[in-house]
Amino acid sequence: MYGKRLMAYLAAAVVLVSAGFGVHLATIARDWSATVELAVGAPLGLSSVLLGLMVATRRPRNVIGLLLVCSGAALVGVVVSDLYAAALTADPRLPLAGLYVDLVRGAWMLLYVPPALLFLLVPEGRVPGPRWRWVVIGLLVVPVLFILAAAFDPSPTPRYPGVPKAFRAPPEVQGVIEGFAFALLPIFLGLLVASLASIIVRYRRTGGAVERAQLKWFVLGASFLPITLLLCWASYLVFDRPELGLAGLVATYLAIPASTTIALLKHDLYDVDRALSATATYALATAMLLAFYTAASFVVGLGAGRGSPVAAAAATAVCAAALAPMRNRLQRLVDHRLYPAREAALAAIEDLRRRTDAGSARPEQLESALRTALRDPGLRVGYRLPGSAAMLDTAGRPVEPDPARPGRSAPVRLGGNEIGIIVADGGASRELLREVATAGSLLVEVVRLRAELASALEAVEASRARLLTAGYQERRRLERDLHDGAQQRLVALGMRLRLAQRHLDDGTVDVDGLLDQSVGELGSAVAELRQIAHGLRPSSLDDGLDRALGAMVSQMPIPVTLDLRTADPIPDDLATTAYYVVTEAATNAVKHARPTAIGVTVCRDARQLTVRVRDDGSGGAVVRPGSGLGGLADRVAAAGGRLRVVSPAAGGTTVEAVLPCES
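As numbered in our numbering, residues 74 to 736 make up the sequence shown, in order.
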């Protein structure tokens, strides 16, 4: 189980020793080019070794970690070999064997073996099938045969002049060896092509989502190889030098080990489909731009842009302008092949938006459209209604992300506000969900507005019904109060007056006492009528809202601070509503919250009248239908205003009513 990991550790130790030896050789050579090669090549090789050790430690059964270490070892070996030649020039006393000089001729082939084996064995460390084992055997045998055959090359080595050869062959055999070595080149090239083709074969055969994602990560790193060719093309086209191509090679040596490590250890780190699609799109666009520029340079005779910098810049601008309209079409074409989930989701959103505009669909169908496009029956779309913190679907059920599966949800934002959420149950990545959330934000906002409007209409209907019921109840109460109170007193008063009239002359009835009782009954009836009328409209409002509120707060059992900012006269209906808001809120506070102080603020501007009642009581007030605050909300709504109650536990209560009024 741990044999591959042990081999990786031993190989890494050898690489570290070799890198240290390379530093020693660089100090001997004191050559600028050799130092640059060490500064670039050694970190590249060591980074591959480090990543290989990470994979070998986490996946000890997998040979991929060992291959990454070998890939870095091959690069460090080439750097050390070049440094030894430079150091030998500076100090000829360094030992040099002819066997080494002969074998190093064909060692370049070893650079290609570890990457080719990675193509064959990634991600599980196994070949796609039994027949592919011959490719592995060929990649291990052909370089060894080529190195041995190249060692018999009788021509002198330019970097090591005068060194006697260790491998010699008779002239009649030398031609056969050279032909054999030449024949190995196309065989090796075929093996490399076969290793590249193995990725396609493996991807088509596998059905697992994890292995497909791992293969995509590896292909993403390997895509730097064609990008390097494009950079080399651009470098020779514009600068007539290969520097950009060398930069591409450096990026490739970094990208392949890094993408391989991500594939094996963290394949869900990022949406690899999105990265592949973007890479392919920009690579194709760059290739088209280079082709266009090459053709334009040839036609105008710029000589690859060297004849006139102004003309070269103009040609580049023309190329970019010509290709700009094609980018979106190219992106859609690439997405169709490499990122079908994104294309399907965005197309479904656009189709639903178009059908919604035409009236043949409803925006509430967004969830079902995304489920079909992303092939995720468990996907849910939640909406945040105004004034609510919960996310609800169209059926009113809560929608919450699964804390055990982070990255499977994306918030929907519009104008900086979070208006909804998309929670996936399938394999959609976080990046794709974010893009889908952005694309569908307008539909989510429409659903929210429609839900808010429907809720408001339901509230209005319920409020109207409650007001109608309250009106009938109030009418029955008035009838009962009038019948049982003032009406009975007035009837009794009439009977006493009739009795006094009949016995006014015979002296049998105390008329003065009877009249005194009648006057008392009349006063009591008037008082009851005033009390009943005060329930309809406080008579104190005849003197203005400020005087009515002043009289009301003076009767409260706790201190009440009154702040009135109403320079303009207030319409009578608004004054009545404002008075009841203050009295109901203050009475509720005294009855239920046990506050120590209450603050009342009434402020009017050109558009609205704002009434605010604050207390420092226990809080926890809730607006419920049928309660005092519920009736108050209905009264405010009937006046065209809105009531807001903020009452955190142990944090006091604020009741605010905003009533529209004209200037």
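The C-beta atom is built at its ideal place from N, Cα and C for all residues, glycine as well.
Small disclaimer: the values here were computed from a predicted structure and weren't measured.
query: Which term fits histidine 576, buried or exposed, when burial requires 16 or more other beta carbons within 10 angstroms of its beta carbon?; result: exposed
query: Once you ignore the five residues that flank leucine 265 on each side, which residues in its own chain have a CB closer than 7 Å to its CB?; result: Tyr185, Ala189
query: In three-state DSSP terms, what is asparagine 490?; result: strand
query: Straight-line CA distance for valine 87 to leucine 148?; result: 13 Å
query: Is it buried or exposed, leucine 213, if we count other Cβ atoms within 10 angstroms and call 16 or more buried?; result: exposed
query: For glutamate 491, is the classification buried or exposed, using 16 other Cβ atoms within 10 angstroms of its Cβ as the cut-off for buried?; result: exposed
query: Pull up the distance between the alpha-carbon of alanine 180 and that of arginine 278, whole angstroms please.; result: 35 Å
query: Around the C-beta of alanine 468, are 16 or more other C-beta atoms found within 10 angstroms, so that it is buried, or is it exposed?; result: exposed
query: Does DSSP put threonine 230 in a helix, a strand or coil?; result: coil
query: Which residues in the same chain have their Cβ closer than 6 Å to the Cβ of arginine 379, if we skip the five residues on either side of it in sequence?; result: Only weak support is given to the placement of arginine 379: the predicted model assigns it a pLDDT of 48, under 50, and the value that follows is read from those uncertain coordinates. Once the five neighbours on either side are set aside, arginine 379 has no close Cβ partner at all.
query: What are the residues that DSSP puts in a beta bridge with aspartate 688?; result: Ile671, Thr726
query: Pull up the DSSP beta-bridge partners for alanine 483, would you.; result: Ile495
query: What residues match up with cysteine 143 in a beta bridge as DSSP calls it?; result: The partner list for cysteine 143 (beta bridge, DSSP) is empty, contrary to what the question assumes.
query: Going straight from the alpha carbon of arginine 697 to that of isoleucine 631, what length do you get?; result: 26 Å
query: Within the chosen definition, does the region 164-184 reach the region 204-212 through at least 3 CB pairs nearer than 8 Å?; result: no
query: Would you call the region 347-356 in contact with the region 158-170, where contact means no fewer than 3 C-beta pairs closer than 8 Å?; result: no
query: With a 10 Å radius around its C-beta and 16 neighbouring C-beta atoms as the bar for buried, classify glutamate 437 as buried or exposed.; result: buried
query: Work out the CA separation of glycine 513 and arginine 507 for me, nearest whole Å.; result: 10 Å
query: Taking the runs of the alpha helix (DSSP H) that are 4 residues or longer, which of them lie wholly in the region 237-284?; result: 244-278
query: Can you round the beta-carbon distance between arginine 503 and glycine 480 to whole angstroms, since I take them to be within the 8 Å contact cut?; result: 4 Å
query: Looking at the unbroken beta strand (DSSP E) that takes in arginine 638, where does it start and where does it end?; result: 633-638
query: Output the boundary residues of the alpha helix (DSSP H) element that contains arginine 206.; result: 206-224
query: Helix, strand or coil, according to DSSP, for threonine 581 in the structure here?; result: coil
query: Which same chain residues end up closer than 6 Å to leucine 140 when comparing Cβ atoms and leaving out the 5 residues on each side of it in sequence?; result: Pro187, Leu190, Leu191
query: Would DSSP call glycine 455 helix, strand or coil?; result: strand
query: Who are the near neighbours of glycine 376 in its chain, counting only those whose CB is closer than 6 Å to its CB and skipping five residues on each side?; result: Residue placement at glycine 376 is poorly supported in this model, since its pLDDT is 48, which falls under 50; the coordinates still yield a value, given next. Excluding sequence neighbours, glycine 376 sits near nothing in its chain.
query: If the criterion is Cβ atoms closer than 8 Å, does the pair glutamate 518 and leucine 487 meet it?; result: yes
query: Is the beta carbon of valine 142 closer than 8 Å to that of threonine 114?; result: First, the residue type needs correcting, since residue 114 is glycine and not threonine in the sequence shown. Cβ distance not < 8 Å, so glycine 114 and valine 142 don't count as in contact.
query: Mapping DSSP to helix, strand and coil, what is proline 733?; result: strand
query: Let's see if you can read the secondary structure: which residues bound the beta strand (DSSP E) around valine 718?; result: 715-719
query: My guess is that valine 152 and glycine 95 are in contact by the Cβ rule of under 8 Å, so how many angstroms apart are they, rounded?; result: 6 Å
query: Exposed or buried, what is tryptophan 105 when buried is set at 16 or more other beta-carbons lying within 10 Å of its beta-carbon?; result: exposed
query: Between the region 671-680 and the region 699-712, are three or more C-beta pairs nearer than 8 Å?; result: no
query: Grab the span of the alpha helix (DSSP H) containing lysine 664 for me, first residue to last.; result: Taken as a continuous stretch (DSSP letters only), lysine 664 belongs to no alpha helix (DSSP H), as it is neither H nor E.
query: Which of the three DSSP states, helix, strand or coil, is assigned to glutamine 574?; result: helix
query: Which residues in the same chain have their Cβ closer than 8 Å to the Cβ of valine 200, if we skip the five residues on either side of it in sequence?; result: Leu193, Leu194, Arg206, Val208, Val209, Ser271
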